[in-house]
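Protein chains in written order, with the numbering used here: chain L, 1 to 225; chain G, 226 to 426; chain P, 427 to 783.
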Amino acid sequence: MKAREIIRNGLWDQNVVLAQILGMCPTMALTSSASNGLGMGLATTAVLVVSNMAVSSVRKVVTEQVRIPVFIAIIATIVTLVDMSLNAWMHELYKVLGLYIALIVANCAILGRAEAFACKNGVVDSALDGLFMGLGFTAVLTTIGIVREVVGSGTVFSQASLLLGPHFAFLETTVIPGYGGTLMMILPPGGFLTLGLLLAVKKRIEIRQRNAGVAVVSVPSHCGA
Amino acid sequence: MNVATLREGISYQGGLLALFSTVTAAALVIAAVYTSPAIHVAEQHDLETSLAQVLPQGYNDNNLLQDVVHVKDADGVDVEVHRASKAGALKAAVFTTSSSGYAGPIVILVGISRDGVVQGVRVLRHNETPGLGDKIDEAKTNWIHAFEGKALATAKWLVKKDGGDFDQFAGATITPRAVVKAVKEALEFHQAHLDAIYASK
Amino acid sequence: MNTHVINLNPVAAPHAQTGESVSAVMLKVLLALVPATFYAFWLFGAPSFWLWLITIASAAAGEAACLRMGKREVMPQLRDGSAILTGWLLALSLPPWAPWWIGVVGGLFATTLGKQVFGGIGNNLFNPAMIARIALLVSFPVQMTYWVVPNVAPNLFDGLLITLGHTPIPDAMSSATLLGHAKTDLARGVDLLHTSLPGHAFNWVGARVGSLGETSAWLIAAGGVALIFMRVISWHIPVAMLLALAVPAAIGHHENPARYLDATTHLMSGGAMLGAFFIATDYVTSPNTKWGQLVFGAGCGLLTWVIRTYGGYPEGVAFAVLLMNALTPAIDRLVKPRVYGRTYGGKPISAEKGKRS
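Take a look at the structure:
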């Protein structure tokens, strides 16, 4: 498979959230701020790359009948290793992300990529797939986080320096000073609303592209039209 | 017997699962051995800094984690009290307490000096509504500092809406009411068990 | 001879029509709301009028924007009055002196995310006005629980300044609704026999603290009864809902008056009347059969009582209606109408008199 296609799939065509609708738990729970979304996205990306490589390298040994338990064992082990080493050696970061890392195991996207890609492709391609699937996931989570944070609390990337180090303190912006906040956007409904609107935007862009590709200009029919 | 038929056999599959379980378990054990000392140090450090933040800087010279007494409260529940001392003299007690807020329990840490004055309060855990009840969190507002220097006799331990001394938040009264109640109960507990808390070991 | 007669086009069913269009139904519902609304204007003065106007305008604007985005005809759909009714009902559920942007956000939310994203009129799963009210309540709890005492009516211009947030409302004018007051007192351990109600908490005529559609419960109910007589709505949902609210309230109050409010208070407070006659009866989001409507109404009433009594919020009508809206498809599946010529079980009825095959 061509690298270009892998990259395009990860970022847009087969995007974990926008096309596969996988990993809904972190998508809803960890996007109340842009920093949270970014942090969870990056942590997932790291796990995804390593797990894809691990699964790909044992793909010839593992039989079809026992592949699911084997993949799950690999993924759970990697996540636990990441959890323990962050806790031991990057404790400040762990205090921010710690709660979420254990949740990565439950993210179907990881097993999904192992099943759909890594067990059929080489190690390099699988690493690339993991990286760009992860980045696509990160991009969506961060976008949802930005929308929810701006509308919900009037800031963007607050506490980014906790996550990325003091150099990134410049990211912390108050977009709307003196804003009282829209609580719903920080609470779970805000996640669903934002994701729904994002899906609608993707759909609209795709319809536009399809129409631009076809010579006959036909407006997509709406109900009753 | 060739490899293809071997792969289909139950022993190959079972062996494969056993192999992967062993390898992953071994990896976890090794990692646990290597990380656990560092994790222990980091967690002790966390605990110590969180305990120290309810006492003024330089208030004590002992390690709060080392000097612990267990005192039973009125309901017979065991309370772990960390004692602060300077130059060998016991000066204050630090312990956690909780009360139920708007959405589940609010766990707070209080530091109370031996003469019954609040030195500091921090909320350790809560599920209050973001933007409303979470103003009790020191990271959000400095409301929690209002308790410092107050004693049972020197303040009316109610929110202003109920005729007391402490501000409630616009739109959220239950949360600050719960915190005020918890701090007041901590003071009462401290007063009732002075002897037990400051008993020499 | 007229060519139209010669070229007979086959006309699809239904052949018998009542002559009732959507806009005629909407007009009757709006008329039924007029007395209660005017009473609320009189009670709370100009700010409530401006808020009402802004909310309706925003609801209509949201609908028009969505129709335009979907490349559909704007005016015919807007003229059917459903967006106006949505905005009107939402306005009646708001605190009378809420700032202008509450009306704008609520009105836009109701018709766009509450209705048009589902495909517009007839396709929405939930009552748009109640969706918007809940969104506002969850998002802006401070503004949505700020109630003023009645009968302090400023003039039109001063009222506009209040709605625009230019003039701050003095603290002395704020008070708690009856349900809110009861919830607060219970939460801090004061039982209902010893609670001291604020002066404007309850009043049979309706001069009391609350949303526009809460105070004039009698006029709302009168409008609802008129709708039943005009056959715009049937009696099933309102009666089931009010009974299912009143019966548990009466039992609870009889058993422990210190803990449970009485049935009259429940019926006359909050959105009970508005909900029973105007919101739960929405054609789109309630079941089609009579039995289904009874189940639906009873569910709304019971849930309202449960939420008011045990929940975190003092008022539960909006939550109850939305929860039952979600159950409407299930109710419609379970409670099916009898197919003509068949028994409820689905067996054909024999043509012979008194005999069923």
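Virtual Cβ for every residue (Gly too), placed ideally from N, Cα, C.
This one's a predicted model, so the numbers in the text were calculated from it and none came from an experiment.
DSSP, read as helix, strand or coil, puts residue 106(L) in coil. In this structure, residue 405(G) lies near residue 383(G), with their beta-carbon atoms less than 8 Å apart. In the assembly as shown, residue 32(L) is a buried residue. Its beta-carbon has 16 or more other beta-carbons within 10 Å. Judged by beta-carbon spacing, residue 333(G) lies within the 8 Å limit of residue 407(G), meaning their Cβ atoms are closer than that value. Residue 747(P) and residue 723(P) have their C-alpha atoms spaced approximately 9 Å apart.
With at least 16 other beta carbons inside 10 angstroms of its own, residue 646(P) counts as buried. The segment 130–182 of chain L contains, as complete alpha helix (DSSP H) runs of 4+ residues, the segments 160–164 (chain order).
Look at residue 740(P): its C-beta is not under 8 Å from any C-beta on chain G. Sorting 735(P), 710(P), 541(P) and 743(P) by C-alpha distance to the C-alpha of residue 758(P) places 710(P) at the top. Within a 10 Å sphere around the beta-carbon of residue 201(L) sit fewer than 16 other beta-carbons, which makes this residue exposed. According to the DSSP assignment, residue 406(G) belongs to the alpha helix (DSSP H) that extends over 399–417. For residue 525(P), the nearest beta carbon of chain L is not closer than 8 Å to its own beta carbon.
The DSSP-derived three-state label of residue 774(P) is strand. Contact annotation: residue 279(G) and residue 335(G) have beta-carbon atoms nearer than 8 Å. The shortest CA-to-CA distance from residue 735(P) to any of 560(P), 612(P) and 641(P) is the one to 612(P).
Excluding residues up to 5 positions away in sequence, 688 and 689 lie with their Cβ nearer than 8 Å to the Cβ of residue 676(P) in the same chain. Taking a C-beta distance under 8 Å as the contact criterion, residue 135(L) and residue 10(L) qualify as a contact pair. When the Cα atoms are used, residue 527(P) and residue 277(G) turn out to be separated by approximately 45 Å. A contact is defined here as three or more CB-CB pairs under 8 Å, and the segment 191–198 of chain L meets this definition with respect to the segment 137–155 of chain L. Here DSSP, grouped into helix, strand and coil, assigns residue 331(G) to strand.
Collapsing the DSSP output to three states places residue 344(G) in a strand. Residue pairing by DSSP puts residue 384(G) in a beta bridge opposite 391(G). Around the beta carbon of residue 350(G), fewer than 16 other beta carbons sit within 10 angstroms, so the residue counts as exposed.
Distance from the CA of residue 665(P) to the CA of residue 702(P), rounded to the nearest whole angstrom, comes to 8 Å.
Secondary structure of residue 693(P) (DSSP, three-state): helix.
Per DSSP, reduced to three states, the secondary structure at residue 33(L) is coil, with no helix or strand assignment. Judged by beta-carbon spacing, residue 673(P) lies beyond the 8 Å limit of residue 721(P), meaning their Cβ atoms are not closer than that value.
Residue 85(L) is a Cβ neighbour of residue 260(G), given a cutoff of 8 Å. In terms of beta-carbon proximity, residue 183(L) lines the interface with chain P, with at least one pair separated by less than 8 Å. Rounded to whole angstroms, the gap between the alpha carbons of residue 252(G) and residue 325(G) is 42 Å.
Under a 10 Å Cβ-count criterion, residue 489(P) is classified as buried, with 16 or more other Cβ atoms of the shown protein chains found around its own Cβ.
Between residue 347(G) and residue 363(G), the C-beta gap is smaller than 8 Å, which places the two residues in contact.
Counting only Cβ-Cβ distances below 8 Å, residue 187(L) has contacts in chain P at 564, in chain order. Neighbours of residue 89(L) in chain G, taken as residues at a C-beta separation under 7 Å, are given in chain order as 263. In chain order, 480 and 484 place their CB closer than 7 Å to the CB of residue 530(P), counting only its own chain and leaving out the 5 sequence neighbours on each side.
DSSP, reduced to helix, strand and coil, places residue 316(G) within a strand of the structure shown.
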